[in-house]
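Remarks on the structure that follows.
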Amino acid sequence: MNAFGNPSPGSRQADEKLTTIAIFAPHGRDAQVALKLLEKEGYDAVTVDTLSELGSHIRNHIGCILMTEEAMASDNLAVVQEAIADQPSWSDLPFVVLSNGTASQRSRNATSRIDTLRNVILLSRPLHAEELIRAINWALAARVRQVQARQHVEEIELRESQLLESETRFHTIVNSVDQMIWSTRPDGFHDFYNDRWYEYTGVPKNSTDGDAWNGMFHEEDQERSRRIWQHSLDTGEPYEIEYRLRQMS
373 MNAFGNPSPG SRQADEKLTT IAIFAPHGRD AQVALKLLEK EGYDAVTVDT
423 LSELGSHIRN HIGCILMTEE AMASDNLAVV QEAIADQPSW SDLPFVVLSN
473 GTASQRSRNA TSRIDTLRNV ILLSRPLHAE ELIRAINWAL AARVRQVQAR
523 QHVEEIELRE SQLLESETRF HTIVNSVDQM IWSTRPDGFH DFYNDRWYEY
573 TGVPKNSTDG DAWNGMFHEE DQERSRRIWQ HSLDTGEPYE IEYRLRQMS
């Protein structure tokens with residue numbers, strides 16, 4: 373069981389990626405130090421050797437990426453930038469970047485490269501374990517919230533699609549019978565008439581919504597029908613009446 377309930381095997385595999393951290397630090401010992409620290413804390417972390425491999429992780433919706441600032445100096449950074457740009461609209465992959473000094477000490481080119489990552493947490497070196505764990509926790513939690521929000525939207529869209537399909541089925545059925553059918557809201561507001569009603573009365577669609585239905589009756593029947601209808605609304609008793617309905621077609 374995870375944050376998303378009990379998913380199918382395919383979705384479970386995708387959810388597991390949300391807790392995985394890809395480490396890209398090709399120079400020095402940062403990658404091994406970070407990997408050892410994260411694994412000690414129980415995180416699922418993997419090291420990445422090339423920017424192309426990093427781009428693949430981005431496209432596979434990994435949890436977050438930990439990388440060093442100097443790893444971004446490669447001319448092949450476009451591979452990563454393209455992978456970021458290809459993310460779906462709901463996705464904003466978090467990056468934790470181990471930086472070299474303060475922003476004022478960073479070159480304009482280095483700052484520009486960092487900005488292309490969009491969702492970045494900067495950590496100054498030397499690496500402090502508590503700061504790193506806090507940053508990783510925040511990044512992974514943000515990543516899970518992104519996917520939860522996406523799933524919530526998908527659930528709403530699915531319900532709306534099912535409702536539309538149900539309404540379409542309903543309209544098809546009620547418009548296929550040779551009877552006049554109408555419906556109201558709980559407050560008695562008339563909100564639907566089938567095609568047979570409009571064919572018989574000859575009035576434009578939606579023109580008899582609300583209380584306008586009563587105007588289609590013979591003048592001598594209008595007060596009685598309105599009174600009996602209101603009594604049905606007030607008491608919950610069945611609405612049963614005979615009236616003379618105007619045919620305008």
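Taking the numbering used here, I'd label the letters of the sequence shown as residues 373 to 621. Yeah, the Cβ is synthetic: ideal placement off N, Cα and C, and Gly gets one too.
{"Item": "Runs of alpha helix (DSSP H) wholly within the stretch 528 to 567 (minimum 4 residues, chain order)", "Value": "none"}
{"Item": "Identified DSSP bridge partners for valine 468", "Value": "Leu438 and Ile493"}
{"Item": "Given 8 Å, three or more beta-carbon pairs between the stretch 526 to 536 and the stretch 553 to 563", "Value": "no"}
{"Item": "For aspartate 581, the three-state DSSP class (helix, strand or coil)", "Value": "coil"}
{"Item": "Run of the alpha helix (DSSP H) containing isoleucine 456, from where it starts to where it stops", "Value": "450 to 457"}
{"Item": "Cα-Cα separation, asparagine 547 to histidine 433", "Value": "47 Å"}
{"Item": "Range covered by the alpha helix (DSSP H) that runs through aspartate 593", "Value": "591 to 607"}
{"Item": "Check whether glutamate 425 and alanine 417 have beta carbons under 8 Å apart", "Value": "no"}
{"Item": "Local Cβ density within 10 Å of proline 466, reported as buried at 16 or more and exposed below that", "Value": "buried"}
{"Item": "At least three beta-carbon pairs within less than 8 Å, the stretch 519 to 528 to the stretch 487 to 507", "Value": "no"}
{"Item": "Closest by C-alpha distance to isoleucine 553, when choosing among Phe542, Asn566 and Phe561", "Value": "Asn566"}
{"Item": "is_contact[proline 576, chain B] using C-beta, thresh 8 Å", "Value": "The structure shown contains no chain B, having only a single protein chain."}
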